[in-house]
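*Asks:*
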Amino acid sequence: MLLFMAIVLPILFAIFIPLAYRSIKSIHTGWFVLLAPVLLFLFYLRFLSPVQQGEAQLARVSWVPSLDFYFDIHIDGLSLLFSLLITGIGSLVVLYSIFYLDKTKEKLGNFYVYLLLFMSAMLGVVQFDHTLALYFFWELTSISSFLLIAYWYKRDASRFGALKSMMITVSGGLMMLVGFLTLYVLTGTYSIRETIAQVDTIVTEPLFTVAVVLVLLGAFTKSAQFPFYIWLPDAMEAPTPVSAYLHSATMVKAGLYLVARFTPVFAYSEVWVWLVTGIGLLTLFWGSLFAVKQTDLKGILAFSTVSQLGLIMSLLGLGGFAYLVTGDAVETFTFATFAAIFHLFNHATFKGSLFMVAGIVDHETGTRDIRKLGGLMGLMPVTFTIAMIGSLSMAGLPPFNGFLSKEMFLEAVLGLLHADISTMTVAYLVPIVAWVASVFTFIYSIYFVWYTFMGSRKEEQLPKVPHEAPIGMLISPAILGSLVILVFFIPNVIGDWLVKPATAAIQSTAFTSAADIEFYIKAWHGWTSPALWMTVGVVVVGFLLYKVLPKWQPIYSKWPERFTLNRGYDSLMDGSLTWNRALSDRFMTGSIRDYLVYMFAGMAILGITTLFTQGGFAITTEGLAPIRLFEIVLTIILVGSVMAILITWSRLTAVIALGGVGYTVALFYVIFKAPDLALTQLVIETISVALFLTAFYHLPKLDKHYKGKEDNRFRLGNFLISVAVGLTVTLIGISAYAQRQMTSISEYYKETVYTEAGGGNIVNVILVDYRGFDTLFEIGVLMIASIGIISMITLRLQKKKKGATVDEIE
1 MLLFMAIVLP ILFAIFIPLA YRSIKSIHTG WFVLLAPVLL FLFYLRFLSP
51 VQQGEAQLAR VSWVPSLDFY FDIHIDGLSL LFSLLITGIG SLVVLYSIFY
101 LDKTKEKLGN FYVYLLLFMS AMLGVVQFDH TLALYFFWEL TSISSFLLIA
151 YWYKRDASRF GALKSMMITV SGGLMMLVGF LTLYVLTGTY SIRETIAQVD
201 TIVTEPLFTV AVVLVLLGAF TKSAQFPFYI WLPDAMEAPT PVSAYLHSAT
251 MVKAGLYLVA RFTPVFAYSE VWVWLVTGIG LLTLFWGSLF AVKQTDLKGI
301 LAFSTVSQLG LIMSLLGLGG FAYLVTGDAV ETFTFATFAA IFHLFNHATF
351 KGSLFMVAGI VDHETGTRDI RKLGGLMGLM PVTFTIAMIG SLSMAGLPPF
401 NGFLSKEMFL EAVLGLLHAD ISTMTVAYLV PIVAWVASVF TFIYSIYFVW
451 YTFMGSRKEE QLPKVPHEAP IGMLISPAIL GSLVILVFFI PNVIGDWLVK
501 PATAAIQSTA FTSAADIEFY IKAWHGWTSP ALWMTVGVVV VGFLLYKVLP
551 KWQPIYSKWP ERFTLNRGYD SLMDGSLTWN RALSDRFMTG SIRDYLVYMF
601 AGMAILGITT LFTQGGFAIT TEGLAPIRLF EIVLTIILVG SVMAILITWS
651 RLTAVIALGG VGYTVALFYV IFKAPDLALT QLVIETISVA LFLTAFYHLP
701 KLDKHYKGKE DNRFRLGNFL ISVAVGLTVT LIGISAYAQR QMTSISEYYK
751 ETVYTEAGGG NIVNVILVDY RGFDTLFEIG VLMIASIGII SMITLRLQKK
801 KKGATVDEIE
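Here you go:
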C-alpha cells in the first residue's frame, strides 16, 4: 500500500495546490510543490541496495478483482532507475520553475497541478506490472502533457502543439492497448511478469507478431521515433521547465521504457529487434541531420532529443539480439543494453541542463532565435559554462559522461558485424549510419553553444538587455552539469547502483541479478580501439563541416515544404475535418425521424445478422399452451386496429383505433389471468382516448394532400425498417424461449411472494418489493416532472398577474 501511495502522492499534493495558490500569496507556490518530488526521491533511494541485490519490491492494490484487474506494483532495477529520474529531475525542474515563472503573472495553480498529475502518471507507467493499469497511466501522461504544452493557451502555437502531441501519442496508445489485449488473448494474463514466463508458448502464435507491431506503435509515438517525431518540435511551445522535464527525462523516455520492459517478451521475434534497431538508427540520423537546420534554441534541442532517443532505441534493439543468439554473441548484445541504459541516464543530465540553459537565455534576452544571439559569454559566464559542459557531453567529448556512453554505442554497433547473426547486408550499414549521425551530432552541439555565446553581440536585436540569470535559476542546471562531469570520473558508481540492475531486469535470461554483470565502464580502451578512431573521425569531419556551415546549411531550404511530414499531418487533419463535417451534415439532420431510422436499421441489421451467423435462432413448441379461437380473433382485431392507425386519413378513426388496440391488450390480460394489469390498462386507455378527444379540436388536420413538414406519404424504406425491427424482436423472443437455460424468475416470485414478501397479490409485490428501487426511481422521475410543470404554471400565472401578454410569456 505504501508503494501505491507513493505513486499517487503528487496527485494528493495537487488537490491542495489551488488552495495554497489562493491562500499563500507571500511565497511562490513552487516551494510547496517541491516537497512532493523531494520526498519521493528520498523514498525511492531506500530501494537502491535491495534492488541491486536482486530483491524486487512488490505490492498489490485491488482494482476490479472479478475481472482480474489489479494495481500490481513491481519495482526492479529498470523501474527504480526511471522512478529516480522522474523524481530527481522533477525536483530540479520544480526548483528551476520557482525562479523562471513569475508568481504575479502566471497561473501557477494550473501549472503545478498539471505537473504533479504528469509526475504521478509517469510513476504509474514505470511501476505497474498490470498492462491495463500501465495503459491507464500511459494515457494520463498524454493528457497531462497536453495540458502542460498548452499552458500558455492564448498562443495559437501552444494549442496547436498540444493538440498535435496528444493526437499522435494517444493514437499510438490505442494501438498499444490492442497489443496488450492481444497478449491477454495469447496468455490469459495481464501481468507482464507472467507473460514473460509464458513466452515460450506464445512466440510461435500468429498473433504474436501482431502484438509486436501494435506495442511498438505505442512506443514509437511516445518516444518520437520516425515518422512520429513531428509532435516533439511543436511541443517546445511549452514553458521551458516543461520541456526540460517532459522531453529530457520523462515523457519521451516512456517509449524507451516500454521497449526495455517488453524486450524479454518480444525479443524472440526478429521483427521486434530489427524494427527497434532500424527505426532507432533512422531516427538518430534524421534528428541529427535536421537539428542543424533549426534557428530556435529549443528547436535545436528538440531535434537533438529526437536524435538521442533514436540512439537509445537502436541500442535497445541491438540488445534484443541477445535473445536470438548463443555463445559469445550474447555478451556482445547484452553490452548494447548496458550502453542504452547508461546513455539514457547521461542524456537526462546533459539534456535537462541544456533545456534550462535555453530557458535562461530566453528569460534574460527575450529571444531564442539563434540569429539574434551571440557574444553572451562575457555577460553570462555561468550560463555559458553550463551550456559548454552540456553541449560537449552531447557531442560525445571527454571529460564528460556523454563521451563514455557514446563510445559504448560505437562499440555496440561494431559488435553487430562480428556476431554472425544474419547474412543481411543491412547489418554492415549500421556502423556507417551511426558514424554519420554522430558527425551531425557533433555539429549541432557546437552550433548550439557557439552561435549563442561566441562571436559578436547583437544587442540591438534583443528585446531585453542581456545579463546573467539569478542564482536560483542557475542551481538546477549547475547540479545537472556537475553530474555530467562527476559521472565521467566515477562512472561505475552509477553503473553498479543503477545501470546494472536495470540491465539485469531487461536481459533476464542472461543475468539473474546485477552481481552477474561484469561490464566495466572506462574512458580509455587503448589505441587499437575502433571506437576511438571513429570518434577521432567524428571530431575531424564534424569540425570541418561546421567551419563551412554557412555554405551548406541553405541546402535545407531546397526541399519542398509540401513534401514534409508536417505538411502530411496538416493535410490529414484538414482532410479528416472536412470529411467528418460532410459526414456529420449528412447524418445529423436535426430530424428525429432520421435518427430513429438509423437506430432501428442498425438494431435490425446487427440483431438478425448475429442471430443467424452465430447460430442463435431456434424454434420449439414444447410447453406451449393450445391457441384458442377467441385468442385468434383478438389477435386479428389487434393487428387490424394497428393497421387502421397507419392507413386512415381520419383523426377520429385513428383515435378510436388506438383505443381498440389498448382495450384488446386489456382483454389479453384478462384471458391470461392478470386482472390487475387489465384494470390498469383499461384505465390508461380510457384516459388516453379521453385526452385525445378533448384535444381533438386543436389537433392539426390530417390531409393526404398536405405537403408541409409532416409529409405523410408512404415511404418504402421506413416500411421495410419497421418490418425488420418487428421481425428482429419476434425472432429474438422466439429464440430466447426456445433456448431457455434456466427456470423463469416468475417461479421464484410465485414461491416467495407470500412466504418472503408477505403479500397476496403477486403484481403488487413485484412492483413494491422485488422492483422496489425501480418503482421508487419512477416515482422520483414523475415527482421531478410534476415540480417542473407546477413551476411553469406558477410562472405563467405570475406573469399574467403582472399584465404580460401570452406571446411575451412564451
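UniProt numbering numbers the first residue of the sequence shown as 1 and each following residue consecutively.
Ideal placement from N, C-alpha and C gives every residue a C-beta, glycine not left out.
1. Across which residues does DSSP place Phe71 in a beta bridge pair?
2. I'd like to know whether the C-beta atoms of Ala336 and Gly310 end up nearer to each other than 9 Å.
3. With a 10 Å radius around its C-beta and 16 neighbouring C-beta atoms as the bar for buried, classify Asp585 as buried or exposed.
4. Around the Cβ of Ile86, are there at least 16 other Cβ atoms within 10 angstroms (buried) or fewer (exposed)?
5. I believe Gly255 touches Phe220 by the beta-carbon criterion, under 8 Å. Please report the beta-carbon distance rounded to the nearest angstrom.
6. Note down the Cα distance separating Pro530 from Pro10, rounded to an integer number of angstroms.
7. Have a look at Leu634, Ile389, Asp676 and flag the residue whose alpha-carbon is nearest the alpha-carbon of Val665.
8. By Cβ distance below 8 Å, which residues in the same chain neighbour Thr512 in space, the five residues on each side in sequence not counted?
9. Mapping the DSSP letters down to three states, classify Ser529 as helix, strand or coil.
10. Please name the residue in Ala395, Phe71, Pro37 whose C-alpha comes closest to that of Ser83.
11. Cβ of Ala469 within 9 Å of Cβ of Leu78?
12. How should Lys500 be labelled, buried or exposed, when 16 other C-beta atoms within 10 angstroms of its C-beta is the threshold for buried?
13. Buried or exposed, going by whether 16 or more other CB atoms sit within 10 Å of the CB of Tyr595?
14. Counting pairs of beta carbons, one from the segment 177 to 196 and one from the segment 227 to 244, are three or more of them closer than 8 Å?
15. State yes or no: is the C-beta of Leu3 within less than 9 Å of the C-beta of Ile73?
16. With contact counted as at least three CB pairs below 8 Å, one residue from each stretch, are the segment 533 to 546 and the segment 206 to 214 in contact?
17. What separation, rounded to the nearest whole angstrom, lies between the Cα atoms of Ala657 and Arg651?
18. Would you list, in sequence order, the uninterrupted alpha helix (DSSP H) runs of no fewer than 4 residues that lie entirely inside the segment 645 to 722?
19. Measuring CB atoms only, is the segment 360 to 368 touching the segment 285 to 304, in the sense that at least three cross pairs come out at less than 8 Å?
20. Assign Ser791 to one of three DSSP states: helix, strand, or coil.
21. Using 8 Å as the cut-off, classify the Cβ of Met236 as near or not near the heavy atoms of the ligand ADP, replying yes or no.
22. Using CA coordinates, which residue listed in Leu80, Thr613, Tyr96 is at the minimum distance from Pro477?
23. Which term fits Phe368, buried or exposed, when burial requires 16 or more other beta carbons within 10 angstroms of its beta carbon?
24. Per DSSP, what kind of secondary structure is Phe600 in: helix, strand or coil?
25. So, helix, strand or coil for His343, using DSSP?
26. Using the C-alpha atoms, what's the distance from Glu518 back to Ala322?
27. Expressed to the nearest angstrom, what Euclidean distance is found between the alpha-carbon atoms of Ala249 and Tyr444?
28. Nearest by alpha-carbon distance to Pro675: which of Ile592, Gln739, Asn761, Ala618 is it?
29. I think Ile386 touches Ser438, with their Cβ atoms under 8 Å apart; what is that distance to the nearest whole Å?
30. Are Val51 and Leu80 closer than 9 Å when you measure CB to CB?
31. Pull up the distance between the alpha-carbon of Glu407 and that of Asn110, whole angstroms please.
32. What whole-angstrom Cβ distance do Ser307 and Leu275 have, given they're in contact under 8 Å?
33. Given Ser171, which residues of its chain have a CB within under 8 Å of its CB, disregarding the five upstream and five downstream residues?
34. Can you name the residues that DSSP bridges to Ser191?
35. How would you write the range of the alpha helix (DSSP H) that Trp497 sits in, first residue to last?
36. For Thr277 and Leu315, I'd like the C-alpha separation in whole angstroms.
*Replies:* To lay it out plainly:
1. Within the sequence shown, numbered from 1, the residue matching residue 71 stands at position 71. In DSSP, Phe71 forms a bridge with Val61.
2. The residue you call residue 336 lines up with position 336 of the sequence shown. The residue you call residue 310 lines up with position 310 of the sequence shown. Contact annotation: Ala336 and Gly310 have beta-carbon atoms that are not nearer than 9 Å.
3. For the purposes of this step, residue 585 is taken as the residue at position 585 of the sequence shown. Taking every protein chain shown into account, the CB of Asp585 has fewer than 16 other CB atoms within 10 angstroms, so this residue is exposed.
4. As a position in the sequence shown, residue 86 is number 86, starting the count at 1. With 16 or more Cβ atoms within 10 Å of its Cβ, Ile86 is classed as buried.
5. Position 255 of the sequence shown holds residue 255. Position 220 of the sequence shown holds residue 220. Contact between Gly255 and Phe220 holds, since their C-beta atoms are separated by about 6 Å, short of 8 Å.
6. Your numbering for residue 530 matches position 530 in the sequence shown. Your numbering for residue 10 matches position 10 in the sequence shown. Approximately 47 Å between the Cα atoms of the pair.
7. The sequence position of residue 665 within the sequence shown is 665, counting from 1. The shortest Cα separation from Val665 among Leu634, Ile389, Asp676 belongs to Leu634.
8. Your numbering for residue 512 matches position 512 in the sequence shown. Within the same chain, Thr512 has close Cβ partners Gly54, Ala504.
9. As a position in the sequence shown, residue 529 is number 529, starting the count at 1. Of the three classes helix, strand and coil, the one that applies to Ser529 here is coil, per DSSP.
10. Along the sequence shown, one-based indexing puts residue 83 at 83. Comparing Cα-Cα distances from Ser83 to each of Ala395, Phe71, Pro37, the minimum goes to Pro37.
11. The residue you call residue 469 lines up with position 469 of the sequence shown. The residue you call residue 78 lines up with position 78 of the sequence shown. The answer is no: Cβ separation not under 9 Å.
12. Counting from 1 along the sequence shown, the entry for residue 500 is found at position 500. Label assigned to Lys500: buried.
13. Within the sequence shown, the letter at position 595 stands for residue 595. With fewer than 16 other Cβ atoms within 10 Å, it is exposed.
14. Contact between the segment 177 to 196 and the segment 227 to 244 is absent, because fewer than three Cβ pairs lie under 8 Å.
15. Indexing the sequence shown from 1 puts residue 3 at position 3. Indexing the sequence shown from 1 puts residue 73 at position 73. Contact: yes.
16. Result no; under three Cβ-Cβ pairs closer than 8 Å.
17. Numbered from its first residue, the sequence shown carries residue 657 at position 657. Numbered from its first residue, the sequence shown carries residue 651 at position 651. In a straight line, the C-alpha of Ala657 is about 10 Å away from that of Arg651.
18. Unbroken alpha helix (DSSP H) runs of no fewer than 4 residues, entirely contained in the segment 645 to 722, are found at 651 to 671, 675 to 694, following chain order.
19. Three or more Cβ pairs drawn from the segment 360 to 368 and the segment 285 to 304 lie within less than 8 Å of each other, which places the two stretches in contact.
20. Position 791 of the sequence shown, counted from the first residue, corresponds to residue 791. Three-state DSSP puts Ser791 in a helix.
21. Within the structure as shown, the ligand ADP is missing, as the structure has no ligands at all.
22. Looking up residue 477 in the sequence shown gives position 477. The residue with the shortest Cα to Cα distance from Pro477 is Tyr96.
23. Against the sequence shown, residue 368 aligns to sequence position 368. This sequence places Arg at residue 368; Phe is not what is there. Buried: at least 16 other Cβ atoms inside 10 Å.
24. Here the question's residue 600 lines up with position 600 in the sequence shown. Helix, per DSSP.
25. In the sequence shown, residue 343 corresponds to position 343, counting from 1. Three-state DSSP puts His343 in a helix.
26. On the sequence shown, residue 322 is found 322 positions in, with the first residue counted as 1. On the sequence shown, residue 518 is found 518 positions in, with the first residue counted as 1. So the two alpha carbons sit approximately 16 Å from each other.
27. The residue you call residue 249 lines up with position 249 of the sequence shown. The residue you call residue 444 lines up with position 444 of the sequence shown. Approximately 20 Å between the Cα atoms of the pair.
28. By 1-based counting over the sequence shown, the position of residue 675 is 675. When each option's Cα is compared against that of Pro675, the closest is Asn761.
29. As a first step, residue 386 must be located in the sequence shown, where it is residue number 386. As a first step, residue 438 must be located in the sequence shown, where it is residue number 438. In this structure Ile386 is not in contact with Ser438, their Cβ atoms being roughly 23 Å apart against a cut-off of 8 Å.
30. Locating residue 51 in the sequence shown gives position 51, counting from the first residue. Locating residue 80 in the sequence shown gives position 80, counting from the first residue. Judged by beta-carbon spacing, Leu80 lies within the 9 Å limit of Val51, meaning their Cβ atoms are closer than that value.
31. Taking the sequence shown and counting its residues from 1, the one referred to as residue 407 is at position 407. Taking the sequence shown and counting its residues from 1, the one referred to as residue 110 is at position 110. Those two C-alpha atoms are separated by around 43 Å.
32. Stepping through the sequence shown from its first residue, residue 307 is reached at position 307. Stepping through the sequence shown from its first residue, residue 275 is reached at position 275. About 18 Å separates the two Cβ atoms, so there is no contact after all.
33. Translated into the one-based positions of the sequence shown, residue 171 becomes position 171. Annotation for Ser171: Thr221 place their beta carbon closer than 8 Å to its own, counting only its chain and skipping 5 residues before and after.
34. Along the sequence shown, one-based indexing puts residue 191 at 191. Per DSSP, His130.
35. By 1-based counting over the sequence shown, the position of residue 497 is 497. First-last for Trp497: undefined, no H or E at that position.
36. In the sequence shown, residue 277 corresponds to position 277, counting from 1. In the sequence shown, residue 315 corresponds to position 315, counting from 1. Rounded to whole angstroms, Thr277 and Leu315 show a C-alpha spacing of 7 Å.
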